[in-house]
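Enquirer: If you scroll down you'll find the structure; I have some questions about it.
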Amino acid sequence: MLKLSRRNWNNVLIFAVLILMFVLYGIPQRLAERVVDEHRLIPADTELLMVAFGQQRLIKAGPQWQLQPAPAMSVDAANLALAWQHTLLTPAEVITDKSRVPLAQASVQLVGQVAPLIWLLYPAADNGAGRYLLQQAGQPQFYQLSAAQAAQLFLLDVTE
Numbered sequence: 003m004l005k006l007s008r009r010n011w012n013n014v015l016i017f018a019v020l021i022l023m024f025v026l027y028g029i030p031q032r033l034a035e036r037v038v039d040e041h042r043l044i045p046a047d048t049e050l051l052m053v054a055f056g057q058q059r060l061i062k063a064g065p066q067w068q069l070q071p072a073p074a075m076s077v078d079a080a081n082l083a084l085a086w087q088h089t090l091l092t093p094a095e096v097i098t099d100k101s102r103v104p105l106a107q108a109s110v111q112l113v114g115q116v117a118p119l120i121w122l123l124y125p126a127a128d129n130g131a132g133r134y135l136l137q138q139a140g141q142p143q144f145y146q147l148s149a150a151q152a153a154q155l156f157l158l159d160v161t162e
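The opening residue of the sequence shown carries number 3 in the numbering used here; numbering runs sequentially from there.
Written out as structure tokens, the structure is:
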């Protein structure tokens with residue numbers, strides 16, 4: 003065993019506690035700062051109540067999801083709700099264009115919030131690639147959607 007004076011042992015203990023504090027507090031905090039901010043249709047800590055697009059409404063009726071009025075095509079309302087709750091968005095660099103006209107619009111009502119989130123779907127400039135742009139009303143950021151995602155979220159008949 004090391005022969006150290008009481009003062010030196012105190013110094014060793016102080017440094018050990020400082021290192022332990024850094025490991026337990028500093029490293030997780032730095033890792034949390036490095037986590038990339040996820041972009042979602044609805045915030046991860048909120049609950050979806052209703053989505054209205056076109057003439058359709060996706061409504062939570064008790065524990066189940068329903069589309070009202072019932073669509074002509076077969077759509078699983080529960081999968082549609084899951085898509086709205088868990089779709090991750092990819093930011094897109096877009097030149098601002100005031101003449102851009104949305105193809106579709108969705109009004110998303112969340113539990114506990116008075117004002118709905120309004121999402122606007124636009125065709126991309128190079129729509130031949132089957133891409134669409136999504137923008138939250140009032141926000142400058144655009145997000146990229148594939149044709150399949152756009153068709154699923156907005157119940158569009160999209161042919162690639």
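Don't be surprised by glycine CBs; every beta carbon is placed ideally from N, CA and C.
What separation, rounded to the nearest whole angstrom, lies between the Cα atoms of Ile-29 and Gln-68?
Expert: Cα to Cα, the separation comes out at about 45 Å.
Enquirer: Taking Cβ positions, are Ala-117 and Phe-156 nearer each other than 9 Å?
Expert: Contact: no.
Enquirer: Should the stretch 5-24 be regarded as contacting the stretch 55-73, the criterion being three or more beta carbon pairs within less than 8 Å?
Expert: At 8 Å Cβ cutoff, the stretches do not touch.
Enquirer: Relative to the C-alpha of Gln-154, which candidate in Thr-89, Ala-127, Gln-141, Gly-114 has its C-alpha closest?
Expert: Looking at the Cα atoms, Thr-89 is the closest of the given residues.
Enquirer: Count the other CB atoms within 10 Å of the CB of Leu-43; is the residue buried (16 or more) or exposed (fewer)?
Expert: Buried is the call here.
Enquirer: Would Tyr-134 pass as a contact of Val-103 if the rule is Cβ separation under 9 Å?
Expert: Cβ atoms of Tyr-134 and Val-103: not closer than 9 Å.
Enquirer: Nearest CA to the CA of Ala-150: which residue from Phe-144, Gln-143, Leu-158?
Expert: Comparing Cα-Cα distances from Ala-150 to each of Phe-144, Gln-143, Leu-158, the minimum goes to Leu-158.
Enquirer: Any idea if Ala-108 is buried or exposed, counting beta-carbon neighbours within 10 angstroms, 16 or more meaning buried?
Expert: Flag for Ala-108 reads buried.
Enquirer: Taking the alpha-carbon positions, what's the Ser-101 to Pro-93 distance?
Expert: Taking the straight line from one Cα to the other gives about 21 Å.
Enquirer: Which residue from Gln-87, Asn-12, Gln-58, Leu-20 puts its Cα closest to that of Val-77?
Expert: Minimum Cα distance to Val-77 is reached at Gln-58.
Enquirer: State the Cα-Cα distance for the pair Val-19 and Asn-10, rounded to the nearest angstrom.
Expert: Each residue's Cα considered, the two are about 14 Å apart.
Enquirer: Do the CB positions of Leu-119 and Leu-136 come within less than 9 Å of each other?
Expert: Taking 9 Å as the Cβ cut-off, Leu-119 and Leu-136 do not qualify as a contacting pair.
Enquirer: Can you tell me which of the three DSSP states Met-23 falls into?
Expert: If DSSP states are grouped into helix, strand and coil, Met-23 belongs with the helices.
Enquirer: Could you check what DSSP says for Glu-162 in three-state terms: helix, strand or coil?
Expert: Note that Glu-162 has pLDDT 44, beneath the 50 cutoff, so the model's placement of it is unreliable and the number below is only indicative. Reduced to three states, the DSSP call for Glu-162 is coil.
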